[in-house]
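Residue numbers (the UniProt record's numbering): 1 to 731.
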């Protein structure tokens, strides 16, 4: 392992462009700049998907599940371990989620149904709701997850109403209404599942069934409380008044359900509701379109694999295609800022990316995973049918065949046209994307799903310092490793971060503060943020202020520790962790870089202060120590990354225990064109106004000088292309 000196540099020749059309969320100037960008009629090679390609993909997916159905079609028992809902609940989940896909497929089928989808699913509906059937579904009054599946079936029944509902016999209709009515007045978790009752009751109301105004009004009111702003929703709250649950559920649930409620309700929808939700979706898509990566741009030589790589972040990544749901909804509800050509390229490229990456297994099934099957992504509610939430990503099939979104010339995505750089301050995110290799990177300093006043474990999909389109976080490990900044105890345990308390966010920069804490359980970290606080024991430690500076493919990550006794005025910081025992120092500091998924084990590289790994396609990840006495290395792991059998994670760690009040820094690079020492040249970093509070040592946290860290600290970064950034670093 190699050591770095007091200040080392990092950069490389090449472009590191500026903002292009992606402005800072919430600022009128940047919104105007985005809106004013003219359509780009030139485009890299077309994906070429037509509506017929989408229909064929849907048909293959639906045909593959049929052999696993019960004879009456009511339950579909797909391979895999049972979820906590049990075998019957999992069988319903698979039926409902594939029925949603079938409903979209039938919606514009005209007189054609060559695979007999309508008859097949109608039989399942009749048997599943028949109280005398051996395969009857769980009653909604007693099964919360069944209420989620019921809402999907309500949408499907609405979209293919002439095919199924209108043809059901009177007894089957009555049984279906009776079963769906079990959702009325039930208790619901305070998140997107409040919409399960509302959507179900919109359908019941449309067929003359019972419904409760109170349930609908509750969903409408809570949605307003969870609206973060600038088009973004939180899926519920981490704690009262803390809407920090931001991920793909924003699009495929919190935008999707309210709009479909309006669609099903028609004139019965509350006045002004549709327009409110349309405007919010339009604003959301303005940002969301930038969170999809590509392959190498013209003249670039970045990683192969092409366009259509979604940001790998958040819960329920096995739902894959579902992240396209809000883009289709934008077209259907006239609520999109995207041209038909851009929507066509975006949706087609994502679908093609997943299909070409092996998301369907040898039996044609969609397993738990991202590309291929990856069991560590399984959540507590994931039955074999859970991944078929992906059916929401086929909502475009509701659009007629002559719609321009199926026929318009494809229009390049933002990342295919130029570098991007913008901020989402309400989320604690700042975003940087590079056209040369198509990679989009997000530094996260806020929306980690954790309650502000409670320690939580760092869930892989939500608790990291950074996420990207071309790499994935590590799952199933005993402690956070990749894209993580933590304190290391004498016995080698690394601290957790959640909750991260946002300090400041802007274009190319983000800062947050957290109290380091150690999870005392020695078991794999759960991958569901709903489990990050439950039944866990912690040890409390010092405060850490961390920062990210992004410019092109480069990122500087900074950290400074302050003793636990340091006073804090941040919202959510008062008393945080005081109920837990205090971990004993001294502590070292570790910076984890990006985790690079690999299909074959790679030889890591270390040269001086730099550690790196490179894939055969050219995608590389690098960490270089910049400030502080750091040594570098590379961790190789197996079976922990959804993008490969192996993973390589460059790291840097202090040689000696940290000094409170001192700023430590590393360079982190994720690039298709830069790796190793070449990515660590021609760069300068300066720190002005720093006052070292206390020398390292086991008693450092108790010295009176520990709180006497001076204000006015500034970090100055000179990038190799001449750009200069100055970052105030608060105490």
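The C-beta atom is built at its ideal place from N, Cα and C for all residues, glycine as well. Keep in mind it's a predicted model, so treat the numbers as computed, not measured.
Contact belief for residue 443 with residue 548 at Cβ below 8 Å, rounded distance in angstroms: For the purposes of this step, residue 443 is identified with residue 443 of the chain shown, where counting begins at 1. For the purposes of this step, residue 548 is identified with residue 548 of the chain shown, where counting begins at 1. The beta-carbon separation of residue 443 and residue 548, rounded to 4 Å, stays under the 8 Å limit for a contact.
Separation of residue 589 from residue 14, as counted between CA atoms: As a working mapping, residue 14 is identified with position 14 in the chain shown. As a working mapping, residue 589 is identified with position 589 in the chain shown. Legend: pLDDT at residue 14 = 29, less than 50; position of this residue unreliable, value from coordinates given subsequently. Their Cα atoms are separated by approximately 31 Å.
Contacting residues, own chain, Cβ-Cβ under 6 Å from residue 24 (five flanking each side not counted): Within the chain shown, residue 24 is the residue found at index 24, counting from 1. Because residue 24 sits at a pLDDT of 33, beneath the cut-off of 50, its placement in the model cannot be relied upon, and the following sentence gives the value as read from the coordinates. 30, 422, 423, 507, listed in sequence order.
Cβ distance (whole Å) where residue 624 is taken to contact residue 667 below 8 Å: In the chain shown, counting from the first residue as 1, residue 624 sits at position 624. In the chain shown, counting from the first residue as 1, residue 667 sits at position 667. The pair is a contact, with the Cβ atoms about 4 Å apart (cut-off 8 Å).
Buried versus exposed call for residue 363 [16 or more other C-beta atoms within 10 Å across all chains shown]: Walking along the chain shown from the start, residue 363 turns up at place 363. Residue 363 is exposed by the Cβ-count criterion.
Buried or exposed (CB count within 10 angstroms, at least 16 for buried), residue 271: By 1-based counting over the chain shown, the position of residue 271 is 271. Exposed, by the Cβ-count rule.
Short Cβ contact (7 Å threshold) for residue 450 with residue 499: Numbered from its first residue, the chain shown carries residue 450 at position 450. Numbered from its first residue, the chain shown carries residue 499 at position 499. Going by C-beta atoms, residue 450 is nearer than 7 Å to residue 499.
Ordered list of alpha helix (DSSP H) runs contained in the segment 266–353, each at least 4 residues: Listed in chain order, the complete alpha helix (DSSP H) runs (minimum 4 residues) inside the segment 266–353 are 273–288, 325–332.
Buried versus exposed call for residue 149 [16 or more other C-beta atoms within 10 Å across all chains shown]: Counting from one through the chain shown, the residue named residue 149 turns up at place 149. So residue 149 ends up on the buried side.
Pairwise C-alpha distance: residue 608 and residue 733: The requested residue 733 is not part of the displayed model; the chain covers only 1 to 731.
Cβ-based burial, residue 247 [other Cβ within 10 Å; buried from 16]: As a position in the chain shown, residue 247 is number 247, starting the count at 1. In summary, residue 247 is buried, with 16 or more beta-carbon neighbours lying within 10 Å of its beta-carbon over all protein chains present.
Spatially closest choice to residue 97 from 366, 445, 165, 54, by CA coordinates: Counting from one through the chain shown, the residue named residue 97 turns up at place 97. When each option's Cα is compared against that of residue 97, the closest is 366.
Cut-off 7 Å between Cβ atoms - residues of its own chain near residue 120, not counting five sequence neighbours on either side: Here residue 120 corresponds to residue number 120 of the chain shown, with the count starting at 1. Once the five neighbours on either side are set aside, the close Cβ partners of residue 120 are 73.
Residue 379 versus residue 529: straight-line alpha-carbon distance, rounded: Counting from one through the chain shown, the residue named residue 379 turns up at place 379. Counting from one through the chain shown, the residue named residue 529 turns up at place 529. If I take the Cα positions, the gap works out to 10 Å.
Residue span of the beta strand (DSSP E) that contains residue 541, given as start and end: Taking the chain shown and counting its residues from 1, one reaches residue 541 at position 541. From DSSP, the beta strand (DSSP E) with residue 541 extends over 538–551.
Cut-off 7 Å between Cβ atoms - residues of its own chain near residue 256, not counting five sequence neighbours on either side: Here residue 256 refers to the residue found at position 256 when the chain shown is read from its first residue. Once the five neighbours on either side are set aside, the close Cβ partners of residue 256 are 325, 326, 329, 392.
Beta-carbon spacing of residue 419, residue 430 below 7 Å: Residue mapping note: residue 419 aligns to position 419 of the chain shown, counting from 1. Residue mapping note: residue 430 aligns to position 430 of the chain shown, counting from 1. It is not a contact, given that the beta carbons lie outside the stated cut-off.
Given 8 Å, three or more beta-carbon pairs between the segment 107–120 and the segment 203–221: Contact fails: fewer than three Cβ-Cβ distances are below 8 Å.
Delimiting residues of the beta strand (DSSP E) encompassing residue 634: For this step, residue 634 is matched to residue 634 along the chain shown. Unbroken beta strand (DSSP E) run through residue 634: 630–641.
Within-7 Å CB hit, residue 211 to chain C: Although the question refers to chain C, the structure presented lacks it and comprises just one protein chain.
Inter-residue spacing [alpha-carbon to alpha-carbon] between residue 545 and residue 93: Translated into the one-based positions of the chain shown, residue 545 becomes position 545. Translated into the one-based positions of the chain shown, residue 93 becomes position 93. Each residue's Cα considered, the two are about 43 Å apart.
Nonlocal neighbours in the same chain, by C-beta distance under 7 Å from residue 358, ignoring five residues either side: What you label residue 358 is simply residue 358 of the chain shown in a count that begins at 1. When the five nearest sequence neighbours on each side are left out, the beta carbons in the same chain lying within less than 7 Å of the beta carbon of residue 358 are those of 371, 372, in order along the chain.
Selection from 44, 655, 399, 523 that minimises the alpha carbon distance to residue 537: Position 537 of the chain shown, counted from the start, is the residue given in the question as residue 537. Residue 537 has its Cα closest to that of 523, out of 44, 655, 399, 523.
Rounded C-alpha distance that separates residue 40 from residue 162: Translated into the one-based positions of the chain shown, residue 40 becomes position 40. Translated into the one-based positions of the chain shown, residue 162 becomes position 162. Because residue 40 carries a pLDDT of 45, less than 50, the predicted location of this residue cannot be relied on, and the following value inherits that uncertainty. Taking the Cα positions, residue 40 is about 40 Å away from residue 162.
C-alpha gap between residue 215 and residue 192, whole angstroms: For the purposes of this step, residue 215 is taken as residue 215 along the chain shown, with counting starting at 1. For the purposes of this step, residue 192 is taken as residue 192 along the chain shown, with counting starting at 1. The straight-line gap separating the alpha-carbon atoms of residue 215 and residue 192 is approximately 13 Å.
Rounded straight-line distance, which links the Cα of residue 200 to that of residue 53: Here residue 53 refers to the residue found at position 53 of the chain shown. Here residue 200 refers to the residue found at position 200 of the chain shown. As the crow flies, the alpha-carbon of residue 53 is around 31 Å from that of residue 200.
Backbone secondary structure at residue 556 - three-state DSSP: Locating residue 556 in the chain shown gives position 556, where the first residue counts as 1. In the structure shown, residue 556 sits in a strand (DSSP, three-state: E or B).
The ligand MG heavy atom lying under 6 Å from the CB of residue 382: Looking for the ligand MG in the displayed structure turns up nothing, as the structure carries no ligands at all.
Same chain, Cβ closer than 7 Å to residue 614, five either side skipped, listed in chain order: The residue labelled residue 614 in the question sits at position 614 within the chain shown. Cβ neighbours of residue 614 beyond the five flanking positions: 620, 675.
Simplified DSSP state of residue 128, which is helix, strand or coil: If you number the chain shown from 1, residue 128 lands on position 128. Three-state DSSP puts residue 128 in a helix.
Residue environment, residue 356, which counts as buried when at least 16 other CB atoms sit within 10 Å: Here residue 356 refers to the residue found at position 356 of the chain shown. Here residue 356 is exposed: its Cβ has fewer than 16 other Cβ atoms, across all protein chains shown, within 10 Å.
Residue 409 versus residue 477 - alpha carbon distance: Looking up residue 409 in the chain shown gives position 409. Looking up residue 477 in the chain shown gives position 477. Distance from the CA of residue 409 to the CA of residue 477, rounded to the nearest whole angstrom, comes to 45 Å.
3 or more residues per run - each beta strand (DSSP E) lying fully within the segment 470–538: Qualifying beta strand (DSSP E) stretches, in chain order: 485–488, 501–506, 509–519.
DSSP three-state assignment for residue 154, whether helix, strand or coil: Translated into positions along the chain shown, residue 154 becomes position 154. Residue state, collapsed to three classes: helix.
The segment 156–171 contacting the segment 181–191, beta-carbon criterion three pairs below 8 Å: No contact exists between the segment 156–171 and the segment 181–191.
Reduced DSSP category for residue 122 - H, G, I as helix; E, B as strand; rest coil: The residue you call residue 122 lines up with position 122 of the chain shown. Helix at residue 122.
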